[in-house]
Amino acid sequence: MNRETLPERPPLDLTVRVGCKVDYETTVDTPVLVVFKPRQDEFQSIRQESMRFDPELPATEFEDDHQNIVYRLTLRPGLNTIQYDAIVKVPGLSEDFYWLDEPVPPYLLPASVLRYTLPSRYCDSDKLLDFAWDHFGHMDNGLPRVLGICQWLHDHIEYRTFSGDSSLSAFGVIQRGYGVCRDLAHAAVALCRTFNLPARYVSGFVPDIGFPDPGTPNDFHAYCEVFLGGRWQIFDARYNTPRIGRIRIASGYDAVNCAFTTLYGQADLKQFDVWAYQVDPAEVRTGDPVDLSKRLCGTANVIRPQH
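In numbering that gives the first Met the number 0, the protein residues as written are 0 to 306.
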């Protein structure tokens, strides 16, 4: 698609409820950073939101170096609850509608984007140079190469639930041959960086709008964004199909910058619930019980309530 044909601001014609509830138990005061709040942008508009930090946990908000919204607080001895709930408006278009095939050479990249061409802790692109050129060097640089990388990862890296390993980098994932969405995202980012394509790791919510319910509980999802045509564009090797209504929470070099919680001490995770589903905004508000009987997604059809 030519850049001139892209709408400047897509219509936000679908409504998604997203959120999470997490319980931690500690025996001593434990500092923690929490990243769960999406940002407002042209593709997602928060219409309602509520937060809980119990028991009356004081929290401060700041913006990190990657423009993520971070909350800083200290868990107290006993049971602590962190909860976020939001109603978000999103475009009813498949995300490939906004793809552009215009790779930007390094000497023209904005200074703020250059850092996403370099290796990082979990996206060790320097170890993957030979592999990348052997497998994808024959492809045209830009969109064809990014899609080729995602296709290869989707076909050759088995998605295996509960196989996550916080010590594993992209190089290790490709050697091992299986992983979770975090691993596939790290591998996609690292392989793109080997070709000087700026790529960043992203965490977010992915509702099943126009997509059959996979039958698994909702969770935070990891994918990648690649800088093409002067803007960040979404690619997801885990599903390897464009989605509708994806809601971005955070981005960075790799998972270190996008962790839901970063604990400075020991805390036991007692409960972890995530929700992301399309709703009728006339019937659902934040604070309502999470009720999947009011879910409008989970099938191949896209439902558009009329009001």
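C-beta atoms are modelled at their ideal positions from N, C-alpha and C, and glycine is treated no differently.
Contacts around residue i, its chain only, beta-carbon distance under 8 Å, and the 5 residues preceding and following it disregarded
| i | result |
| --- | --- |
| residue 86 | 14, 15, 16, 45, 46, 47, 48, 278, 280, 283, 284, 285 |
| residue 297 | 207, 210, 211, 212, 276 |
| residue 299 | 209, 210, 211 |
| residue 253 | 119, 120, 121, 122, 185, 188, 200 |
| residue 177 | 156, 157, 158, 159, 162 |
| residue 140 | 102, 194, 196 |
| residue 105 | 113, 116, 195 |
Neighbourhood of residue i by C-beta, 7 Å cutoff - its chain only, sequence neighbours within 5 removed
| i | result |
| --- | --- |
| residue 0 | Low confidence applies here, because residue 0 scores a pLDDT of 48, under 50, leaving its location unreliable; read the following figure in that light. Same-chain partners within the cutoff: 98, 99. |
| residue 217 | 273, 274, 275 |
For residue i, the nearest candidate out of the options (CA to CA)
| i | options | result |
| --- | --- | --- |
| residue 158 | 221, 290, 82, 269 | 221 |
| residue 154 | 8, 244, 237 | 237 |
| residue 76 | 82, 60, 65, 54 | 54 |
| residue 91 | 109, 134, 52, 41 | 41 |
| residue 9 | 95, 111, 65, 130 | 95 |
| residue 248 | 113, 270, 199, 114 | 199 |
| residue 39 | 166, 246, 254, 61 | 246 |
| residue 24 | 18, 167, 80, 68 | 80 |
| residue 162 | 180, 104, 215 | 180 |
| residue 120 | 30, 251, 239 | 251 |
| residue 295 | 264, 243, 265 | 243 |
| residue 264 | 29, 196, 202 | 29 |
Range of the contiguous alpha helix (DSSP H) that encloses residue i
| i | result |
| --- | --- |
| residue 188 | 180 to 192 |
| residue 231 | Where residue 231 is concerned, there is no enclosing alpha helix (DSSP H), although the beta strand (DSSP E) it sits in stretches over 230 to 234. |
| residue 175 | 169 to 175 |
| residue 131 | 128 to 135 |
| residue 143 | 142 to 155 |
| residue 112 | 110 to 113 |
Which of helix, strand or coil DSSP assigns to residue i
| i | result |
| --- | --- |
| residue 268 | strand |
| residue 257 | coil |
| residue 36 | coil |
| residue 97 | helix |
| residue 293 | helix |
| residue 63 | coil |
Own chain partners of residue i with C-beta closer than 6 Å, once the 5 adjacent residues on each side are dropped
| i | result |
| --- | --- |
| residue 124 | 118, 189, 192, 193 |
| residue 26 | 76 |
| residue 65 | 250, 251, 256 |
| residue 260 | 31, 33 |
| residue 93 | 241, 243 |
Segment limits, beta strand (DSSP E) that includes residue i
| i | result |
| --- | --- |
| residue 208 | From DSSP, residue 208 is part of no beta strand (DSSP E); its letter is neither H nor E. |
| residue 51 | 44 to 53 |
| residue 220 | 220 to 227 |
| residue 10 | Run containing residue 10: none; DSSP gives neither H nor E here. |
| residue 89 | 77 to 89 |
| residue 70 | 68 to 74 |
| residue 107 | That residue, residue 107, is in no beta strand (DSSP E); it is neither H nor E in DSSP. |
| residue 244 | That residue, residue 244, is in no beta strand (DSSP E); it is neither H nor E in DSSP. |
Distance between beta carbons of residue j and residue i, contact taken as under 8 Å
| i | j | result |
| --- | --- | --- |
| residue 266 | residue 34 | Not confirmed; about 16 Å, so no contact. |
Cβ-heavy atom distance, residue i to the ligand MN, below 7 Å
| i | result |
| --- | --- |
| residue 9 | Among the components modelled here there is no ligand, and therefore nothing to report on the ligand MN. |
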